[in-house]
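Here is the structure we will look at.
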Ligand SMILES: Nc1nc2c(ncn2[C@@H]2O[C@H](COP(=O)(O)OP(=O)(O)OP(=O)(O)O)[C@@H](O)[C@H]2O)c(=O)[nH]1
Ligand SMILES: C[S@@+](CC[C@H](N)C(=O)[O-])C[C@H]1O[C@@H](n2cnc3c(N)ncnc32)[C@H](O)[C@@H]1O
Ligand code: SF4
Ligand SMILES: [Mg+2]
């Protein structure tokens, strides 16, 4: 038995990062009895190790809850908890396209921030009804009225019936549940058992026990065990072997009906059969046309990943494919390099996204990777009339062959308490920004700027956070290409170029970035047996330099007695760990230093 | 060269910096220990018969707590079991408390011909910080008695202690040099995991010298001892030429040695295999095993050719004399170019960290004090 449409509510929880979406989801799950007390953990839906460690949501998660409302009816709630960080925005946009309503969470101590705005606008674009909650009212600094006014003034949403809640204490969760069933619309769909099935492929992942698992939102008709289905975009056909839901525990069902969300498995071996946004239909009763699906994501940052051990290329290929199944915003294509062999050029939504993918490949697949420097894509027009896209600064042609270089720009929205406005304006100015708009709402300012992406990608976010002591927020999207006076900057370690640190910079920024990078590397590269000189250079001209003094002493004091085995094992461990180091001019650079160096953080 | 190491696992009290296999017991059944040692010696003599023993070393723990009779029985049994070099070196580690110092003479009578005294410091405050049971006076007296009874003796000091000033160390060291006869072991204090010092240090009770300061201590130690005619023949060991510890050289030169007693390690070439042996660490368990099966070791482990050359390089490079390529080649069964990257060797020698004569590799002074880095790079 599937639920009648009128008793189903599908909604996403959206907010700026850390405003308490996952914690609120915990309370909803708990109140509806999805998990027992002893099974609850904090942010129970953040089930990846990396999510727990970093305290952020990376993957959207869908759970089905059963809620008996004041009207005595038992409703089916399909809740989608989404990430707040910009780098995972594709998870949000897909969730929003899969349901009819949103719970907008606003932290009562922080008010409306950049991703609050970006996410609400997207929800409205998807014709969502919105229930606004003002969260964390248990905190002493909570200011519910102020937060509501912000929602009205900044977003332009009526906040008169916004619900003050605490995801931590569970206060007013009952009011929120009632509002969900009263205010959010029921899904629409065709319940005729004879109609052609149409279900949206929302997400997929690889499960060690179940194989490929597909999260679906059924629009028309039904999905049942044994049914022959077709993926309309890829044309693949399969037989469903399981239908179920997450409560968040996995529960097997007989079928999924219109308006419902749940999962199916279908003995899928070829991961490329499953494309998020695809429409699943009945092989024997084909839908005439697919659902609109999702807009593809647009990668912002690129880097190439090579296996440290070239014999692991196949393993890398499989692992990336499995990750891609689970992360539709990851783009990749095969590439080969003289020095590094076979690998993949990958596109990410941002630096955090890149870092997470690299970390997941290491942890979940035990792969040692050699990543190249992250970069944006430049369009280079050559003097011979042809043009090329530059993904890796190392591949930059000779200057004499270049006619002009174009770089990507973004349009950024920054929201900040006005006391930090001056410093933020200066930051945007330093980064070659062009101001588009500056408006005030109470004592908060909203800044709209156009900025070159390469000035933003590495450390802009960190700088913004530190300048504003965490209070400013930031959101952006791509906004075309423009010509720029760009040069390639090399980083030399004891005179030898480090490919992974080469970068394209604007001529006016070269010296600042070069100096910063050298200083940062000085902190990141451990002392060596020999003195190390770190230099930044443009076309052979040195523009910055830092020296690292040689190690003075590094030896085991006592090594006699016969316990050679233990000492040897230490050495072997060291040798193994060396795969995580790269050598340049006899200097060992830890793998972690590469990204860390580019994410410069605080300027001194 | 063929050495026999005999481990005595007991101490009067446990020093808070020490991670050696040492245990404190109310009572020790000396007769039972004598028996057990005899049995294990017999076992190894059967396993590796016919080698000429060049050294015996009683280490610990605190072997000066052994009954001289036990020492004598052990030496006798070794002499019965293997051919022995007439010039065999027999060393015993002694702690400098008055009780133990009084036994030095009887150890000589038991056959010991060299002692190594755990002085650790010539300063009372440091000795109490280190949790030692003796004071400066007892240390000086022990040194005197050692000189009286033994032609060859050495003592140990630990330096780069928390709060120690380089200038203080220089004074202490000069005093030590004057007291010494031919051999000194000078160890930089190391914080070992699982010791009380480790906990105290992690808790912030005291600070260890920085790497730079540690380097300064090491360098000044080298120059003082060099000037005194006791250059380092190993990272932490100094001797007049000819006065090196022959026994410890068996480890560093990667020749065979037998390990007798709890937690003792051995390396034996049997047929063409290099076998690593290792006794159970807990004295009672070791004893039980010996009584049951004639030896107290775990399963013997075969060291692979890859591990063999690594071990011989790791040990040999601690010595000023370095490692002959022939040794690496015979341990690995490969030619030198297949085990050590010639480009890396060249780079290290250009950096002044090693010297290459064509048939061996030697650390320079600079290389010796950065040996971990040299290995990290080379391997
Ligand atoms: N005091 C208080 N703290 C809360 C409340 N809700 C969430 N928090 C805390 O706020 C932090 C962020 O909570 P999350 O639920 O992870 O926030 P999120 O919006 O899911 O974060 P992302 O998924 O990373 O965007 C955590 O430290 C929570 O413990 C609340 O109602 N009161
Ligand atoms: C087997 S130990 C102890 C011998 C004897 N029981 C004693 O304490 O004198 C040999 C030497 O290692 C040194 N040693 C022990 N622990 C040390 C540490 N944590 N750091 C540096 N040297 C240490 C001491 O100098 C000690 O004399
Ligand atoms: S006396 Fe020697 S072996 Fe015993 S605990 Fe102290 S340092 Fe360790
Ligand atoms: Mg979350």
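Residue numbers (the working numbering), protein chains in the order written: chain A, 1 to 604; chain B, 1 to 379.
Glycine included, each C-beta is placed from N, C-alpha and C at the ideal position.
Quantities reported herein were computed from a predicted structural model and do not represent experimental measurements.
Check: Against residue 586 of chain A, what residues of chain B qualify as contacts under a CB-to-CB distance less than 9 Å, listed in chain order?; Outcome: 344, 347, 348, 351, 377
Check: Quick one: using the 10 Å Cβ neighbour count with 16 as the cut-off for buried, is residue 443 of chain A buried or exposed?; Outcome: exposed
Check: Indicate the three-state DSSP secondary structure (helix, strand or coil) for residue 602 of chain A in the structure shown.; Outcome: Only weak support exists for where residue 602 of chain A lies, its pLDDT of 41 falling under 50; the coordinates are left without a value.
Check: Rounding to the nearest angstrom, what Cα-Cα distance links residue 491 of chain A and residue 590 of chain A in this structure?; Outcome: 15 Å
Check: Could you tell me the alpha carbon to alpha carbon distance between residue 217 of chain B and residue 86 of chain B, rounded to whole angstroms?; Outcome: 40 Å
Check: Just checking, does the region 286-306 of chain B make contact with the region 231-241 of chain B on the three C-beta pairs under 8 Å criterion?; Outcome: no
Check: Is it right to say residue 183 of chain B is buried, meaning 16 or more other beta carbons lie within 10 angstroms of its own, or is it exposed?; Outcome: buried
Check: May I ask you to list the residues that DSSP assigns as paired with residue 533 of chain A?; Outcome: A/547
Check: Between residue 43 of chain A and ligand 1, is there a pair consisting of the residue's CB and a ligand heavy atom that are separated by less than 6 Å?; Outcome: yes
Check: Can you pull the chain A residues whose beta carbon is under 7 Å from the beta carbon of residue 218 of chain B, in chain order?; Outcome: 553
Check: Please classify residue 404 of chain A: does DSSP put it in a helix, a strand, or coil?; Outcome: strand
Check: Does the distance between the C-beta of residue 190 of chain B and the nearest non-hydrogen atom of ligand 3 fall short of 6 Å?; Outcome: no
Check: With the cut-off set at 7 Å, would you say residue 272 of chain B and residue 324 of chain B are in Cβ contact?; Outcome: no
Check: Against chain A, with Cβ distances strictly below 7 Å, would residue 255 of chain B count as a contact?; Outcome: no
Check: DSSP puts residue 309 of chain A in a beta bridge; with which residues?; Outcome: Answer by DSSP bridge pairing: none, since residue 309 of chain A is not bridged.
Check: Leaving out five residues on either side along the sequence, give the residues of the same chain with a beta carbon under 6 Å from the beta carbon of residue 287 of chain B.; Outcome: 36
Check: Cβ closer than 9 Å: which chain B residues qualify as neighbours of residue 593 of chain A?; Outcome: Within 9 Å Cβ-Cβ: nothing; residue 593 of chain A doesn't reach chain B, min ~16 Å.
Check: Look up residue 406 of chain B in the DSSP assignment and say whether it is helix, strand or coil.; Outcome: It is not possible to answer for residue 406 of chain B, since the shown part of chain B is limited to 1 through 379.
Check: Do you know how far the Cα of residue 427 of chain A is from the Cα of residue 601 of chain A?; Outcome: For residue 601 of chain A, the predicted model reports a pLDDT of 47, less than 50, meaning its position is unreliable; a value from the coordinates is still stated below. If I take the Cα positions, the gap works out to 13 Å.
Check: Any chance the CB of residue 91 of chain B is under 6 Å from a heavy atom of ligand 5?; Outcome: For ligand 5, the structure offers nothing, since it holds only ligand 1, ligand 2, ligand 3 and ligand 4.
Check: Using DSSP with H/G/I as helix, E/B as strand and the rest coil, what is residue 304 of chain A?; Outcome: strand
Check: For residue 283 of chain B, count neighbouring Cβ atoms within 10 angstroms of its own Cβ and tell me buried if that reaches 16, exposed if not.; Outcome: buried
Check: For the region 111-134 of chain B, which residues have a beta carbon sitting closer than 8 Å to at least one beta carbon of chain A?; Outcome: none
Check: Of the residues A/117, A/429, A/276, which one's Cα is nearest the Cα of residue 155 of chain A?; Outcome: A/117
Check: Could you tell me if residue 58 of chain B is buried or exposed, where buried requires 16 or more neighbouring beta carbons within 10 angstroms of its beta carbon?; Outcome: buried
Check: Anyone know if the C-beta pair for residue 135 of chain A and residue 259 of chain A falls short of 7 Å?; Outcome: no
Check: Under a criterion of Cβ closer than 6 Å to any non-hydrogen atom of ligand 3, which residues qualify, in chain order?; Outcome: B/11, B/14, B/15, B/18, B/20, B/22, B/60, B/61, B/62, B/95, B/118
Check: In terms of residues, what are the limits of the alpha helix (DSSP H) holding residue 214 of chain B?; Outcome: 211-227
Check: Can you check the region 104-149 of chain B for any alpha helix (DSSP H) of at least 4 residues that lies completely inside it and give the ranges in chain order?; Outcome: 104-110, 124-129, 136-149
Check: Please identify the residue among B/263, B/295, B/293 whose C-alpha is closest to the C-alpha of residue 280 of chain B.; Outcome: B/263
Check: Quick one, what's near ligand 4 if you take every residue whose CB is closer than 5 Å to any heavy atom, in chain order?; Outcome: A/21, A/22, A/57
Check: I want to see whether chain B comes within less than 7 Å of residue 571 of chain A, judged by CB atoms only; does it?; Outcome: yes
Check: Quick one, which residues of the region 491-505 of chain A are near chain B if we go by CB-CB under 8 Å, in chain order?; Outcome: none
Check: Leaving out the 5 sequence neighbours to the left and right, which residues in its chain are closer than 8 Å to residue 110 of chain B when beta-carbon positions are compared?; Outcome: 68, 69, 71, 72, 75
Check: Residue range of the beta strand (DSSP E) that residue 605 of chain A falls in?; Outcome: Nothing can be reported for residue 605 of chain A, as the shown portion of chain A is limited to 1 through 604.
Check: Can you tell me which of the three DSSP states residue 323 of chain A falls into?; Outcome: helix
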